[in-house]
Amino acid sequence: MIWNEVGEDQSEREKVLLELEEECLEVYRRKVDRANMSRARLHQELAESEAEFTRLLLSLGERSLPGRPEKMSGTIKQQLDSITPALREMRLRKEERVNQFRAVQGQIQKISAEIAGQSEYDDSITNVKVNENDLSLKKLEEYQNELQRLHNEKNNRLQQVEKYIAAVHNLSATLGMESSMIITKVHPSLNELCGISKNISDGILAKLNSTVESLQEEKQKRLEKLHQLGKALKNLWSLMDTSYGDRYLFSHVIDQLSVSSAEVSDPGSLTLDIIQQAEAEVKRLDQLKASKMKELFLKKQNELEEICNKSHMEVPSRSEMENILNLINTGEIDYAELLMSIDEQISRAKEEASSRKSIMEKVEKWILARDEERWLEEYSMDENRYSVSRGAHRNLRRAERARVTVNKIPALVDSLIAKTKSWEEERRKVFLYDEVPLLAMLEEYNLSRQEREEEKLRQRMKKVQSQVVVEQENFTTSRPSTSNRRLSNKSLNGGFGNASPLNRRLSLSIQQLGSNGKNSVALGTSFIKEGKKEQGKRIFPRPNFTSQLRDETASVVSTFSGPLSP
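This is the structure we're talking about:
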C-alpha cells in the first residue's frame, strides 16, 4: 500500500522484499543458533554434572547414591534438576570426607614431627594436603591405622623417656647429684618445669640411654671404690682391735660390701662425701697402724705367754719377739700376716693346752702327793711325834691321810707315764714341763723313790739283825715272851726313822717342784739341768738287787711279825 502510493517500481520492491527476507532469515538463524547453543550448554552442564557425580562417587569409593535412579529420562532441564540435589549431597560428603582426611593426616604429621624431634611444627590444618582423588573409607581407615600406630609408638617412646628420667632421678639421688641439671642438659623439654612437650626423638632416647649408662658406670666405680675402702677398714679394724663405737661411724660403708650395684638404691649411699670420709679414715688408721700394731702385738704376745705359762709349755724366745717389734717399728712387715701368724700360734697353744689338760691335772695331783710324801718322811724322822704335845693329834690324822695319798703315788705315776707316752706318740713330740721332759722327771722320780725304799729296807734289815743278836744273847735260855716280841717290833719300827736320805740332787729338785709348781723353773734349776741331760734315756731299776732285798725282807718279817708303820 505504501509502495503504491509512493509509486515504487517493481524492481525496487523486489529488492526491499529480498532484503527483508534475508534479514528475517538472519534473525531466525541467530535464534536457532542461540537455541542450539543453549541446548549444547545444557548438555554440557548435564555431562559435567554427571561426570562430577561419577568422579565424586569414584573418589568417595561409592558405587551409587541411594534414591537416585541409574538411568535418567525427560528433558535436559529435567535431567539437570534431578542430578543437581544428588550432586550437592555428594559435594557435601566430599567436603566432610576431606575434613576427616585432613584431621587424620594432620595428626599423623604432628606425631611424626614429634617422633622426628622437630621442635617447631605448624599444626594448622590448612597446611595439610589431601589427595582428593582417593577419599574412600578404605584409604581413611589406612590413615587411621597409621595414626594409631604412631600413637602407640609415641606412647612407647614417652614411657621410655619416663623410664630413663626415673632412672636418672634414682641414680642421681644415690650418687648425690642434681638430677634436674642432668636432664635439662640432655634436652630442656624433658624438664617438667619448662612446660613444653617432651622430645621423644631417637636422638633424645639415645642421649638418655647414654646418660643412664654413664651414671651406672659412675655408680659401679664408686661402689668398687667403697668396697676397697670397706675391706681396708675391716682389715685395719681387725688389726688394731678397734672399738665398736669407732666402727659404728662407718657401718654404712661395711654394709655395702655384701651388695651388688643393682641392689644399692638408698639415696645418698654413694656420694662423694661418704667416699672422701672413708678415704680420710683409712688414711688416719694407716698412720696409727704402726703404734697400734705394736700395742696389739704385745697384748697377743702376753696372751700367748700366759697360755704357755699356765700349761707349763715352752714360751717363744724373747729375741724373736724383739726382732718382730723392730720390724713393726720400721714398717717392714705385713701386719695382717703377722697377726694371722700369732693368732695361729695362740690357737695352736690353746689346742695343745687343751690336749695337755688331763695330763696336767695328774701332774698337779702328783706334785701335791709328793709334798705329802716329803712331809710324811720328815714326820717319820721326828722322834717326838708320839709325844703328848699341842697339835700332835692333828699331825697323826694328817699322817694317816698322807699314807693313803702316798700309797696312790705309784699308780698315779704309772698312769701319768702311760698318758704322756700316748700323748707323745700321737703328737710325735716330747711332752715338756717347764722345758723339761716329763717322762724323764717321772722316771727319775721312780728311780729316786726306789733308791729310798731300798735304803730304808737295808737300814731296817740292819736294825733287825742287830736286835736279833741282842735278843739271842739276853735270852738264850728261855723263849721270848709276847712282851719281848712287841719290844722287838717296837725297836724294829723305831729303826725305820734312822734311814739316811740318798740321791740328794733328785730329792732337792722334786721338793722344789712340789713346793711351787708354777714357778718350778726358777726354783728347780738343778733338776731341770739334770732332766735335760737325761732326756730321752730310760732308767730301769736293778732287778737282781731288788729281788734279793725282797727275799731277805720276807724272811725277816716272817720271823718278827708286827706293825711296821711309824
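Numbering of the sequence shown is given in the UniProt record's numbering, commencing with residue 1 and proceeding in unit increments.
Backbone N, C-alpha and C define an ideal beta-carbon position, used for all residues, glycine too.
Keep in mind the model is a prediction, meaning the values are calculated, not measured.
In this structure, what does DSSP give as the bridge partners for residue i?
i: L432; result: P437
Which residue wins for smallest C-alpha separation from residue i, given the options the options?
i: E320; options: K231, L338, R397, I307; result: L338
i: V128; options: S136, E114, K110, E192; result: K110
i: L208; options: A290, F297, A167; result: A167
i: I76; options: E213, N36, S380; result: N36
i: A411; options: A369, R374, W375; result: A369
i: L249; options: E281, E224, D266; result: E281
i: L257; options: K283, E224, E142, E23; result: E224
i: E435; options: S214, I359, M313; result: M313
i: E50; options: L60, A86, L17, K31; result: A86
i: E162; options: S197, L140, K138; result: S197
i: T242; options: E153, L226, K292, D202; result: K292
i: E426; options: N384, H43, R356; result: R356
i: K154; options: N395, A113, E5, Q459; result: A113
i: F297; options: E322, N474, K283; result: E322
i: A290; options: N302, R91, C308, I324; result: I324
i: R91; options: T54, M340, R102, I115; result: T54
Consider the C-beta atom of residue i and the heavy atoms of the ligand SAH; say whether any pair is separated by less than 6 angstroms.
i: G245; result: Questions concerning the ligand SAH fall outside what the structure shown contains, since it holds no ligand whatsoever.
Can you check whether the CB of residue j is closer than 7 angstroms to the CB of residue i?
i: L285; j: L229; result: no
i: I183; j: L190; result: yes
i: R157; j: I200; result: yes
i: E305; j: V315; result: yes
i: Y379; j: A399; result: yes
i: residue 591; j: A402; result: The structure shown does not extend to residue 591, since the chain spans only 1 to 566, so no value can be given for it.
i: S311; j: A353; result: yes
i: L56; j: Q79; result: no
i: residue 626; j: V104; result: The displayed coordinates of the chain run from 1 to 566. Any statement about residue 626 would go beyond what the structure contains.
i: L432; j: T420; result: no
i: H169; j: S180; result: no
i: L137; j: G61; result: yes
i: I367; j: K300; result: no
i: V413; j: L376; result: no
Who are the Cβ neighbours of residue i in its own chain at under 6 angstroms, not counting the five residues just before and after it?
i: S210; result: none
i: R39; result: none
i: Q107; result: L147
i: I204; result: H187
i: G268; result: G176
i: W3; result: R13
In chain order, what residues of the same chain lie with their CB nearer than 8 angstroms to the CB of residue i, ignoring the 5 residues before and after it?
i: V98; result: V130, E132, L135
i: K219; result: L171, T174, L175, S261, V264, L270
i: R397; result: none
i: M231; result: It is Lys, not Met, that sits at residue 231 in the sequence shown. So the qualifying residues of the chain are L257.
i: I254; result: G230, L233, K234, R247
i: A418; result: none
i: K408; result: A369
i: L226; result: V253, Q256, L270, I274, I275, A278
i: Q345; result: L304, P316
i: L42; result: I76, K77, L80
i: G117; result: N199, I200, S201, D202, G203, I204
i: residue 587; result: Since the first and last residues shown for the chain are 1 and 566, residue 587 lies out of range.
In chain order, what residues of the same chain have a beta carbon less than 7 angstroms from the beta carbon of residue i, not counting five sequence neighbours either side?
i: I539; result: Legend: pLDDT at I539 = 33, less than 50; position of this residue unreliable, value from coordinates given subsequently. For I539, where only same-chain residues beyond five positions count, the Cβ hits under 7 angstroms are E443, E444, L447.
i: I165; result: I183, L190
i: S415; result: K362
Chain C beta carbons: is any one of them nearer than 7 angstroms to that of residue i?
i: E306; result: Here there is only one protein chain, and chain C is not present.
Let me know the beta strand (DSSP E) ranges lying completely inside the stretch 100-143, each 3 residues or longer, listed in chain order. The qualifying runs do not exist here; there are none.
In chain order, what are the residue ranges of uninterrupted alpha helix (DSSP H) at least 4 long that sit wholly in the stretch 2-30? 2-6
Write down every uninterrupted run of the alpha helix (DSSP H) in the stretch 195-243 whose length is 4 residues or greater and which is fully enclosed by it, in chain order. For the stretch 195-243, whole alpha helix (DSSP H) runs of length 4 or above, ordered along the chain, are 202-240.
Scan the stretch 268-294 and note each continuous alpha helix (DSSP H) run of 4 residues or more that stays entirely inside, going in chain order. none
Going along the chain, which unbroken runs of the alpha helix (DSSP H) with 4 or more residues stay wholly within the stretch 170-196? 179-186
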